[in-house]
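Everything below concerns the one structure shown next.
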Amino acid sequence: MLRRVNGTTLIIAGLVTTVGALAFPVWTYADRSGTGQDQLNAGTVATQWGPLSATDRDFLVKVRLAGLWELPAGQQAIERAPTQAIRDAGDHLVVGHADLDRRARDVAGKLGVQLPNQPNDLQQGWLRELSAASGQEYERKFANLLRNAHGKVFSLVAQVRHTTRNALIRQLATDANQTVLDHITMLEATGKVDFDAIADEAAGGLTASPTGPPPPDGNLPAAPQAVEPGAPGQLTSVPSPGAGEPGPVNTDRPEPSLSP
Numbered sequence: 557m558l559r560r561v562n563g564t565t566l567i568i569a570g571l572v573t574t575v576g577a578l579a580f581p582v583w584t585y586a587d588r589s590g591t592g593q594d595q596l597n598a599g600t601v602a603t604q605w606g607p608l609s610a611t612d613r614d615f616l617v618k619v620r621l622a623g624l625w626e627l628p629a630g631q632q633a634i635e636r637a638p639t640q641a642i643r644d645a646g647d648h649l650v651v652g653h654a655d656l657d658r659r660a661r662d663v664a665g666k667l668g669v670q671l672p673n674q675p676n677d678l679q680q681g682w683l684r685e686l687s688a689a690s691g692q693e694y695e696r697k698f699a700n701l702l703r704n705a706h707g708k709v710f711s712l713v714a715q716v717r718h719t720t721r722n723a724l725i726r727q728l729a730t731d732a733n734q735t736v737l738d739h740i741t742m743l744e745a746t747g748k749v750d751f752d753a754i755a756d757e758a759a760g761g762l763t764a765s766p767t768g769p770p771p772p773d774g775n776l777p778a779a780p781q782a783v784e785p786g787a788p789g790q791l792t793s794v795p796s797p798g799a800g801e802p803g804p805v806n807t808d809r810p811e812p813s814l815s816p
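Quick look at the structure:
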């Protein structure tokens, strides 16, 4: 009888161990090798300003690289561009990237991140393209090469500003956001940016079907109804007053007094 009880106990213990072994990977899946969380942890180091991830370090390098080619491109535009709009854009590039580069080098020094000292091969190719162009071709190349580059780094700035846990990187991303948007605005003000080409290039990298409302049929939709505050935690739609009709009365506001 004792032998039978011991055997049953061993079977139950074996089943519990098996179930636990099967469940353990599920409980720890977020930290398993190959997952996003595992990659984040593996590429992150601790600093006094907060964790520094691989994406943070890549951001620092890209800010530095942007300055290494856009500063000389801006200086060249100031000297060579035939129109004031291109020269103005070049001036914004020089001023903005000189300041942003100084900030990036300061942050990199504090965080121990090594930065490049020359543009990469692609950027050097862009500089050669600009040097070989003149007149209208130069203006077109300048506006589109730089607008495209700024648009791509703009998305990285947003990602880093959203996700970084490092205070120095967060502040640099805030500064970079303002600088990059200013440069985009100035480049578009030249009137030379080919927005169709930018959209076509971006569409080439899409892997999913677009979502959203269906295309309009040519008829203008009705204006959305105004939304007025209702009870706490509740949204109440209130139609806009028609012609000659009084609007909603705010019963919470005290009546005006004529007394001095």
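So in the numbering used here, spot 142 of the sequence shown is number 698, and the numbers just go up one at a time.
For each residue, glycine too, the CB sits at the ideal point set by N, CA and C.
How far does the alpha helix (DSSP H) with residue i in it reach, from first residue to last?
i: Lys-618; result: 610–636
i: Trp-682; result: 677–688
i: Thr-741; result: 723–744
i: Thr-719; result: 691–719
Does residue i pass the burial test, meaning 16 or more other C-beta atoms within 10 Å, or should it be called exposed?
i: Arg-620; result: buried
i: His-718; result: exposed
i: Glu-695; result: buried
i: Ala-645; result: buried
i: Phe-751; result: exposed
i: Asn-676; result: exposed
i: Gln-679; result: buried
i: Leu-743; result: buried
i: Gly-623; result: buried
i: Ser-711; result: exposed
i: Ser-817; result: This structure gives no information on residue 817, because the portion of the chain shown stretches from 557 to 816.
i: Arg-658; result: exposed
i: Arg-684; result: exposed
i: Ala-705; result: buried
i: Thr-720; result: buried
i: Ser-793; result: Residue placement at Ser-793 is poorly supported in this model, since its pLDDT is 49, which falls under 50; the coordinates still yield a value, given next. Under this definition Ser-793 is an exposed residue.
i: Ala-637; result: buried
i: Ala-732; result: buried
i: Ala-660; result: buried
8 Å is my cut-off, CB to CB: does residue i come that close to chain D?
i: Arg-696; result: In summary, chain D is missing from the structure at hand, where a single protein chain is found.
Put residue i into one of helix, strand or coil per three-state DSSP.
i: Val-749; result: coil
i: Val-601; result: strand
i: Gly-760; result: helix
i: Ala-782; result: coil
i: Gly-606; result: coil
i: Gln-640; result: helix
i: Gly-668; result: coil
i: Pro-593; result: Checking the sequence shown, residue 593 turns out to be Gln, not Pro. In this structure, Gln-593 counts as helix in the three-state DSSP scheme.
i: Tyr-585; result: For Tyr-585, the predicted structure reports a pLDDT of 43, less than 50, and the residue's modelled location is therefore unreliable. A value from the coordinates is still provided. Looking at Tyr-585 - three-state DSSP - the assignment turns out to be helix.
Rounded to a whole number of angstroms, what is the C-alpha to C-alpha distance between residue i and residue j?
i: His-648; j: Gln-781; result: 42 Å
i: Glu-693; j: Thr-603; result: 47 Å
i: Leu-627; j: Asp-756; result: 27 Å
i: Leu-728; j: Ala-633; result: 26 Å
i: Thr-639; j: Gln-631; result: 14 Å
i: Leu-656; j: Pro-770; result: 42 Å
i: Gly-747; j: Leu-702; result: 13 Å
i: Gly-760; j: Glu-635; result: 35 Å
i: Lys-618; j: Pro-772; result: 40 Å
i: Gly-652; j: Gln-734; result: 9 Å
i: Ser-687; j: Thr-600; result: 40 Å
i: Gln-670; j: Leu-737; result: 26 Å
i: Val-709; j: Asp-662; result: 20 Å
i: Gln-723; j: Leu-667; result: Residue identity check: residue 723 is Ala in the sequence provided, not Gln. C-alpha separation (whole angstroms): 11 Å.
i: Thr-730; j: Ala-664; result: 16 Å
i: Gln-674; j: Gly-707; result: 21 Å
i: Asn-700; j: Arg-643; result: 15 Å
i: Leu-616; j: Trp-625; result: 15 Å
i: Arg-613; j: Pro-672; result: 12 Å
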